[in-house]
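What follows is a short report on a single structure.
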Amino acid sequence: MRRPFWVVWLVLALLSRAALAHNLDTSYVRCVVTDDAVELRLTYDVFTLLKITDLDANHDQRHAREELRAGTPAIQRFLREHVLLEIDGQPADLGTGLEALWPNKDVAAIAAPDWHAAESLIVFPFRRTVSTPPHDIALTFTFFSQLGARHTVLGVFEHHGQTQEVTFTEGEPDYLYDASYTPSASQLASPKETIPAAVSRFLKLGVEHIFLGYDHICFLLALVVVGRLRDLVKIITSFTIAHSITLILAALKIVTLPQRFIECGVALTIIYVAVENLWRKNVTHRWMLTFCFGLIHGFSFANVLAGLGLPREATIRCLLSFNVGVELGQLAIVLAAMPFILIISRHRYAPQVKALISIAIALFGVGWFIERAFGLSFMPV
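So the sequence shown is residues -21 to -1, 1 to 360, counted in mature numbering (1 follows the signal peptide of the UniProt record, and there is no 0).
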């Protein structure tokens, strides 16, 4: 690997805070359903809230408690307009907006480098009272045009001690939760999710994560577009081993690195591989390079688990299940791409077509790097 790549990476490390953040472009909702109320806890980082209203009025690159208090009415209005609640098929407002929860009472202001940090997430609670126990709860999010098409909401519905996790995206912005189910006495006495169910859930989350990770998909496409089948087996194997190592280390908090550092590193790996496709004809060495880059991608995969948390009683099994889900999704992407790659390879203009694909991937990588390095948001995905 050439020195300039490592120089840029080192600079990013020096500019970043050494704290593992939650996943970029991600917010959270917890919907607690009781017999007399529906409670919502909507959680956002400062960077996301700045897309709603100006929380840095004095432009000192610090978000203070006073600025949150001043901006809370505007944020609550925005949430009332774009978080739609239905109870038993009837539209309902979010109810009483409670005081926003500041993440750390000992911290008076959140500095700009921490605006993405998990320790800086701000919670906006709402409570909607009901006269009779609700049967169906529907949530719809309509703010993706304002917060970005890539924005993802990780949701949890809770009722009678039972929980159900849901992911909201621009493509799937709504969900209908059945609250009419009444658990048995034995289930109420032991409401925790069973280990097989948790393992299955994390397997599904792993598959979903790789399909929604457009940067990881671009990296895979950059690898396979010029490779031979024999080389691809070594490349994918080395990538799998590498990101499995760092995924486990990061998820268990044995090793933690700054979010911005990792996400910028992922973008740089995309740029490097795509550009290398343009000038290097022999890529037999790529399995070694892919192993190094896979270590970076593993940290990125681990970030999604920071917002979900791993069950204490099945941490290792759920972690491995999530990793298997990532591998299955990755394998599906490669298998889906291979027929098209083979068709292109037989065309007389194969080198030119592959070069155009690599250029397009490199441009996406540049866009993601600029976004992540400077805290911008302009990419379509």
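In this text, a Cβ means the ideal position worked out from N, Cα and C, and glycines have one as well.
Taking the Cα positions, I249 is about 11 Å away from G273. Non-local C-beta neighbours of D4 in its own chain, meaning closer than 7 Å and more than five positions away in sequence, comprise G127, R129, H130 and T131, ordered along the chain. By the Cβ rule, the stretch 224 to 234 counts as touching the stretch 294 to 303, because three or more pairs are nearer than 8 Å.
Taken through DSSP and simplified to helix, strand or coil, T219 comes out as helix. For E65, the uninterrupted beta strand (DSSP E) segment begins and ends at V62 to I66.
Distance from the Cα of T119 is smallest, within the candidate group V332, T108, T146 and G206, for T146.
Contact annotation, I241 with F198: C-beta distance approximately 13 Å; criterion of less than 8 Å not satisfied. About 5 Å separates the beta carbons of P113 and A158, which is inside the 8 Å limit, making them a contact pair. Ranked by how close their Cα comes to the Cα of F122, the residues K84, L100, P152 and R106 have P152 in first place. Each of V11, S300 and T111 was checked against the Cα of E137, and the nearest Cα belongs to V11. For I196, the CB contacts under 7 Å within the same chain, skipping 5 residues up- and downstream, are I312 in chain order.
In chain order, T121 and F122 place their CB closer than 6 Å to the CB of H61, counting only its own chain and leaving out the 5 sequence neighbours on each side.
The shortest C-alpha to C-alpha distance from A177 to any of Q309, W266, L298 and T225 is the one to L298.
Here DSSP, grouped into helix, strand and coil, assigns Y328 to coil. Straight across, the Cα-Cα distance linking G346 with M358 is about 7 Å.
Pairing V86 with S99, the inter-Cα distance amounts to about 10 Å.
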